[in-house]
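A.B. asks: What follows is a single structure, and I will ask about it in a moment.
Residue numbers (the UniProt record's numbering): 1 to 121.
Laid out in structure tokens, this is it:
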């Protein structure tokens, strides 16, 4: 979902108790340390050809903040959109840079890997 800063601030306040805007928020459908593992465990034993796509959750991106950050970082709004989308997606997969320096390092490496793959498409 793409929103402006005022809507992002309201979502952040209601969902996280933080009365400020941010660039991207992720809301997993399955809660726990690894949402994807929870979903996959439920699917064990099913024929993978008959399964529908996995809904991991929602990603909300502030277009206002995206545009500001693109200018600050010095790349295009498109590149910043991809960066925020990958960041949000990794959160839905269970990565969390707020759990410490090692988790932050791992998440950054995964972001870089994903962005490199997107650049090659």
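Just so you know, even glycine gets a beta-carbon here, dropped at the ideal spot from N, CA and C. Bear in mind that the values here come from a model prediction, so they are computed numbers and not experimental data.
Quick check: the stretch 60 to 68 against the stretch 91 to 111, are at least 3 beta-carbon pairs closer than 8 Å?
C.D. replies: At 8 Å Cβ cutoff, the stretches do not touch.
A.B. asks: Kindly list the residues whose CB is nearer than 6 Å to the CB of residue 58, restricted to its own chain and excluding five residues on each side of it in sequence; keep chain order.
C.D. replies: As a first step, residue 58 must be located in the chain shown, where it is residue number 58. Cβ neighbours of residue 58 beyond the five flanking positions: 27.
A.B. asks: Quick check: the stretch 67 to 80 against the stretch 102 to 114, are at least 3 beta-carbon pairs closer than 8 Å?
C.D. replies: Segments in contact, no.
A.B. asks: Going along the chain, which residues of its own chain have a beta-carbon closer than 6 Å to the beta-carbon of residue 2, five neighbours each way excluded?
C.D. replies: On the chain shown, residue 2 is found 2 positions in, with the first residue counted as 1. Correct list, in chain order: 61, 63.
A.B. asks: Nearest to residue 94 by alpha carbon, out of 70, 22, 110?
C.D. replies: As a first step, residue 94 is located in the chain shown; it is residue number 94 there, counting from the start. Comparing Cα-Cα distances from residue 94 to each of 70, 22, 110, the minimum goes to 110.
A.B. asks: Distance, Cα to Cα, residue 86 vs residue 115?
C.D. replies: By one-based count along the chain shown, residue 86 stands at place 86. By one-based count along the chain shown, residue 115 stands at place 115. So the two alpha carbons sit approximately 7 Å from each other.
A.B. asks: If you compare alpha carbons, which of 23, 12, 90 is closest to residue 67?
C.D. replies: On the chain shown, position 67 is the one that residue 67 refers to. If we check each option's Cα against that of residue 67, 23 comes out closest.
A.B. asks: Thinking just about the alpha-carbon of each residue, which of 53, 55, 119 is nearest to the one in residue 83?
C.D. replies: If you number the chain shown from 1, residue 83 lands on position 83. For the residues 53, 55, 119, the minimum Cα distance to residue 83 belongs to 119.
A.B. asks: Expressed to the nearest angstrom, what Euclidean distance is found between the alpha-carbon atoms of residue 9 and residue 19?
C.D. replies: Residue 9 sits at position 9 when you count from the first residue of the chain shown. Residue 19 sits at position 19 when you count from the first residue of the chain shown. Distance between the alpha carbons of residue 9 and residue 19 is about 6 Å.
A.B. asks: Nearest-angstrom Cα distance between residue 146 and residue 29?
C.D. replies: Limits of the chain in this structure are 1 at one end and 121 at the other, which puts residue 146 out of reach.
A.B. asks: State the Cα-Cα distance for the pair residue 54 and residue 25, rounded to the nearest angstrom.
C.D. replies: Walking along the chain shown from the start, residue 54 turns up at place 54. Walking along the chain shown from the start, residue 25 turns up at place 25. Near 19 Å, if we compare the C-alpha coordinates of residue 25 and residue 54.
A.B. asks: Whole angstroms is fine: what's the gap from residue 69's alpha carbon to residue 88's?
C.D. replies: As a working note, residue 69 is residue 69 in the chain shown. As a working note, residue 88 is residue 88 in the chain shown. Distance between the alpha carbons of residue 69 and residue 88 is about 16 Å.
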